[in-house]
Structures are given as structure tokens and as C-alpha cells.
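Numbering (our numbering), first residue to last: 6 to 119. Notes follow once the structure below has been shown.
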Amino acid sequence: MSNTLFEKIAAREIPATIVYEDSQILAIRDINPQAPSHILIFPKKPISRIADAGPEEAGLLGHLLLKAAEIAKKEGLAAEGYRIVINNGPHGGETVPHLHVHVLGGRRMQWPPG
Ligand code: 5GP
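Right under this line is the structure:
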């Protein structure tokens, strides 16, 4: 059995709307979207948070970010723009302890974040 929520989703133990998958990463629609498009992209390897990623993960993290931009483009977000967010730990607002990138778009974002 898998451990983190996102491992369970990758293992098809919990259903999700998958928008992209390859051998290293999975992209799903957020169950509680904060924008018209809200996609979560995460490595299948369960790294808890960006602070726990070492230099050996450079290739994986580069792949994750480049795919985030590619997926945003496929969502039709490239022309108007979008936001990519990584929440790290409690003060960062991370609730699922499995590194993931949020892609949010389809509306104008506020800055600074609350
Ligand atoms: P975090 O707060 O850790 O940065 O982001 C976790 C995200 O996972 C939240 O935006 C939350 O809505 C989403 N989420 C939590 N549980 C589920 C679930 O079961 N399925 C999907 N698709 N998203 C989830």
C-alpha cells in the first residue's frame, strides 16, 4: 500500500482527474480549485517538500517545472499568464507532505498572497 495521498493517487488507490503522466511525474486537477484552472504536478517519488530535495533531484525538479509550463500552455493559460506555487512546510501552507507544484490560472492573481 502507498503512503502519501499523492502516492495513493499515482497507484490508482484514490481517484483523480489526471491531465498528464509519465514515468517520473503525475499532474491532476485539484479537488478544491482556487482558480478556473488549478493543477497539481508532483513527482511519483515521495519527496516531502522542496526543502528535502537534494542536488540529485535537479533533473527531476527541472522536468517538473518544464512540464508545469507545458501543461499550463495546453490548458490555454500561456497567453494571459498563470501562477506556479510551491508551498513548503506549515507556514508555507503545505497540507499534503509530498512535494507538488500548483499551476493556477484563468483569473488574475493577487500579490502579495495572503
Ligand atoms: P498544499 O496545501 O499541500 O500546497 O496543496 C495540497 C492540495 O491538494 C490542495 O490544494 C488540496 O485542495 C489538494 N487536495 C487535497 N486532497 C486532494 C484529493 O484527494 N484529490 C485532489 N485531486 N486534490 C486534493
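Every residue gets a Cβ at the ideal spot worked out from N, C-alpha and C, and that includes glycine.
- Separation of the CB atoms of H105 and P51 is rounded to 11 angstroms, and the pair is thereby denied contact status at 8 angstroms.
- Pairwise C-beta distances place the region 30-46 in contact with the region 68-79, as three or more of them are shorter than 8 angstroms.
- Counting along the chain, the unbroken beta strand (DSSP E) around I30 starts and ends at I30 to R34.
- Relative to H96, the option among R54, A63 and R88 whose CA is nearest is R54.
- When the alpha-carbon of K49 is set against those of R88, Q115 and R17, the nearest one is in R17.
- Taking 8 angstroms as the cut-off, the beta carbon of I89 is found closer than this to the beta carbon of H107.
- Shown here, L82 sits in coil according to DSSP, grouped into three states, outside any helix or strand.
- At a threshold of 7 angstroms, L109 does not count as near ligand 1, since its beta carbon sits no closer than that to any of the ligand's heavy atoms.
- I36 counts as exposed, since fewer than 16 other C-beta atoms from the protein chains shown sit within 10 angstroms of its C-beta.
- A direct Cα-Cα distance of roughly 12 angstroms separates A21 from I46.
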